[in-house]
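Q: To start, I am sharing the structure in question, which I have written as structure tokens.
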Amino acid sequence: VSNIYLNDNQWFQEVEAFKDYDRPTVDFGSSFSVGATFSFDDSYDFSEGSDQGTFSKYPYSKFENQCIEPLNRMVDIEYASSPIAGIMDRNALSHYTFEIVARWESDSSEHVTLFFTPRRNRTGWAGQVEVDTRDYRINQFEGAIGDMEILQHFSTTDLFYVDYQKLSWANGTEQVEYWLTEVNRIPSMTNKPRNLVAIIPDQEVQASDFWAQYRPKDDQLDAWTARQDSIIRYLNSDEYLDSADAVYNEFHWYEPLVSGVGYRKRSAGTQFFYSPLIGQFNVFGVGGWRWTPFAFGTKRFKNDQMLNITGRLNYGLTNADTKGTLGATYTYAPLRNASWSVNVGNDYQQITQSVDLTGLFARSNFIEKTFAEVYHRFEWFNGFYTRLGFEYSTRESIENLDLGNDIFGSLTPPQPFETYTVGQASVEILIRPYQRYYLKGRRKIVLSSKWPDFRIVFKQGIPNLLNSDVRYSKYEFIVEDYVPSNRLGFSYYRLASGGFLNDPSTVRFIEYKWFRGGDYFLYTHPLYTFQNLPETFATPEVYFMANATHHFEGFLLNRIPLIRRLKLNVAMGASMLSIPSRSLMHLETYVGAERKMKLWDQPVRWGIYYGLFPNNMNSGYRIKIGMDFKDTFLDRWNF
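Taking this note's numbering, I'd label the letters of the sequence shown as residues 3 to 641.
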């Protein structure tokens with residue numbers, strides 16, 4: 003809905019519309035617009051005393067703003083450079099001459115036709131106007147100036163507006179006509195996406211009565227709404243955000259030691275954080291003590307584009323070796339969740355995190371990696387994402403590194419292997435059918451979907467590219483979902499399968515798929531790990547993996563008197579791993595009791611779990627303890 007009008011010799015355009023970003027922008031070429039109308043005395047209101055509906059809510063829908071239409075691609079119009087006086091301006095009588103040329107009666111009223119022309123040495127309209135002399139209303143206006151002609155017909159209802167208009171110019175070869183078919187209809191999207199939950203407009207562009215069209219008229223409700231709206235406006239105002247940020251930015255002597263130093267100014271989209279001293283030293287680092295300060299900065303621009311930069315230094319006190327990483331992500335199209343990411347560094351990295359707790363610190367699980375990576379993420383249409391990437395890196399053994407008194411190095415020494423170079427291209431496709439979301443300004447905030455996520459990952463090693471030594475083709479298929487139930491609780495499940503298209507014997511062990519063995523007494527993430535797998539191992543062979551867990555959320559225990567006072571919930575789960583080439587089939591099931599509580603305002607869930615199958619579990623795998631933290635933004639647990 004667009005309205006263009008002239009006010010105080012200046013052209014204005016007001017727009018209320020939903021933009022469809024899926025459709026390509028139409029290029030109309032270079033053009034300029036001029037417009038013409040007759041104006042009325044603002045002190046006279048033809049619609050006075052009638053119910054004006056949205057006409058009374060939106061100033062641009064008043065009559066004086068309705069009579070304007072732009073004329074595109076018009077050139078050499080000498081009268082377009084200065085205002086044209088209207089026949090009802092205050093100075094109309096000094097600008098025009100009027101003559102009654104006809105009188106007649108209709109069934110409901112009396113009418114006259116007035117002929118008007120500009121006076122001598124004046125520029126203006128020439129034409130005629132039909133007037134209802136009983137109601138003192140204009141019925142129709144016909145006028146011409148130069149080679150431009152205009153015909154406007156006005157409504158016959160209580161409201162006064164143009165219901166038909168015709169413009170012609172260039173001796174009648176160019177014409178524009180429009181008919182007004184509906185009045186006082188609340189605007190709505192013609193093609194509203196079925197998964198669009200809401201549009202939250204930028205507050206600064208909305209009038210105070212913007213939401214009036216969506217809320218019923220109720221004095222008590224309006225009073226409550228006004229109070230809530232005022233609170234929301236204040237909590238989102240620059241004044242409040244700056245005051246809250248000022249408290250956050252206030253420096254305290256203990257911050258560099260225990261909590262870190264941060265700065266933020268949300269009204270400017272700026273944030274920075276530097277890690278505390280207590281968290282900068284890694285006692286269990288590779289080669290002994292390591293100093294690992296970390297910092298990140300974020301800048302959100304006025305167009306909602308955003309830049310994130312992170313950096314971490316890794317300095318070894320024993321070997322005096324300096325390592326570190328630097329990464330940057332630029333979100334250039336927030337409505338498409340589109341971004342570029344670049345990561346560079348030289349650091350000690352784990353081969354895999356799919357190992358038991360002691361294996362996370364084992365020096366046999368670490369290599370030295372020098373790398374440069376670039377990724378591009380884009381949402382082509384709602385719920386369809388791609389992530390394209392390229393990695394170039396060298397991977398070296400740390401067998402020659404002085405591990406000093408490193409206890410983990412003496413128990414599990416580093417694995418020796420020949421240094422090699424990796425040039426790898428990757429493609430990841432994420433399909434989330436019927437993804438729900440809402441729009442906030444130019445940002446698309448993704449919520450969830452009732453369908454599972456389908457993910458396809460493919461990595462291709464490119465031989466001889468910048469001395470690359472790899473030639474593998476690795477693939478993986480993943481299906482995962484969160485399934486809530488109003489009465490029975492909620493479930494998570496994850497299905498995965500993968501392998502290599504090339505000969506598995508040519509794949510280096512670092513590229514293998516790793517499967518984490520069970521931890522003694524520790525309940526690990528049930529969707530990615532196994533609770534009683536005898537040992538951690540890796541394979542390049544084809545595998546099939548399925549994990550599921552369900553939480554009854556009081557459906558069972560809340561029905562038992564006294565027991566329900568304990569506020570316990572029942573959980574159960576199962577996992578399966580199959581590697582056909584090894585004739586391996588592992589299946590496990592378990593059941594548990596959980597309780598929710600808060601830890602420093604953070605929702606936490608504790609649980610005790612008991613393994614049911616297989617019967618011949620290793621000692622320490624039967625009974626386990628676990629905990630999980632709730633994601634308060636998504637309002638769900640991690641598993």
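For glycine and all other residues, C-beta sits at the position ideal for the given N, C-alpha and C.
1) Since S475 sits in a beta bridge, which residues does DSSP pair it with?
2) Can you tell me which of the three DSSP states F303 falls into?
3) The alpha helix (DSSP H) with Q230 in it runs from where to where?
4) Between which residues of its own chain and S577 is the CB-CB distance below 6 Å, once the five residues before and five after are set aside?
5) At which residues does the beta strand (DSSP E) containing V572 begin and terminate?
6) Can you list, in chain order, the residues of its chain with a C-beta nearer than 7 Å to that of N197? Leave out the 5 residues immediately preceding and following it.
7) Per the DSSP calculation, I89 is bridged to which residue(s)?
8) Should P542 go down as buried or exposed, given a rule of 16 or more other Cβ atoms within 10 Å for buried?
9) Tell me where the alpha helix (DSSP H) around H97 begins and ends.
10) Taking C-beta to C-beta, are G271 and G318 nearer than 8 Å?
11) Who are D134's beta bridge partners in DSSP?
12) Can you tell me whether T396 is helix, strand or coil according to DSSP?
13) Taking N173 as the reference, which of V472, W106 and I152 has the closest Cα?
14) Taking 7 Å as the limit between beta carbons, can you name the residues of its chain near Q604, skipping five residues before and five after?
15) Return the chain-ordered list of same chain residues with a C-beta closer than 6 Å to the C-beta of A595, the five sequence neighbours on each side being excluded.
16) Beta strand (DSSP E) containing L497: first to last residue?
17) Would you grab the beta carbon distance between H527 and F641 for me? Rounded to a whole angstrom, and I think it's under 8 Å.
18) With 8 Å set as the bound, which would you pick, yes or no: does the beta-carbon of R124 sit closer than that to a beta-carbon of chain D?
19) Should P418 go down as buried or exposed, given a rule of 16 or more other Cβ atoms within 10 Å for buried?
20) Could you work out which residue in W516, W342, D231 and I311 is closest to I353 when comparing CA atoms only?
21) Name the residue from S110, E144, F380 and G391 whose alpha carbon lies nearest to the alpha carbon of I433.
22) Using 10 angstroms around the beta-carbon of G148, count the other beta-carbons present and answer buried if the total reaches 16, otherwise exposed.
23) Pull up the DSSP beta-bridge partners for W342, would you.
24) Kindly give me the distance between the Cβ atoms of G425 and Y394, rounded to whole angstroms, as I take these residues to be in contact under 8 Å.
25) Might you give, ordered along the chain, the residues of its own chain that have their beta carbon closer than 6 Å to the beta carbon of A540, omitting 5 neighbours on each side?
26) Let's test the definition: count the other Cβ atoms within 10 Å of the Cβ of N367 and tell me whether it reaches 16, buried, or not, exposed.
27) Could you give the distance in angstroms between the alpha-carbon of D323 and the alpha-carbon of I233?
28) Between which residues of its own chain and T331 is the CB-CB distance below 6 Å, once the five residues before and five after are set aside?
29) Would you call the stretch 121-131 in contact with the stretch 84-96, where contact means no fewer than 3 C-beta pairs closer than 8 Å?
30) If L243 sits next to L259, beta carbons under 8 Å apart, how far is it from one beta carbon to the other, in whole angstroms?
31) For E555, does the three-state DSSP call read helix, strand or coil?
32) So for I562, helix, strand or coil by DSSP?
33) For N617, count neighbouring Cβ atoms within 10 angstroms of its own Cβ and tell me buried if that reaches 16, exposed if not.
34) So for A270, helix, strand or coil by DSSP?
35) Name the DSSP beta bridge partners of V448, please?
36) In its own chain, which residues sit with a C-beta less than 8 Å from the C-beta of Y623, not counting the 5 before and 5 after it?
A: So, to answer that:
1) Q462
2) coil
3) D221 to L237
4) F532, N549 and E590
5) L570 to I581
6) N384, Y436, Q437, R438 and Y439
7) In DSSP, I89 forms no bridge with anything.
8) buried
9) A94 to H97
10) no
11) H113 and R139
12) strand
13) I152
14) F631
15) L570 and I610
16) G491 to F502
17) 6 Å
18) As a matter of chain content, chain D is missing from the structure shown, which is built from one protein chain.
19) exposed
20) W516
21) F380
22) exposed
23) Y332 and H378
24) 5 Å
25) Y514 and W516
26) buried
27) 54 Å
28) N310, S341 and S343
29) yes
30) That belief does not hold up - the Cβ atoms of L243 and L259 are roughly 28 Å apart, past 8 Å.
31) coil
32) coil
33) exposed
34) helix
35) Y439
36) G520, Y522, Q533, N534 and G613
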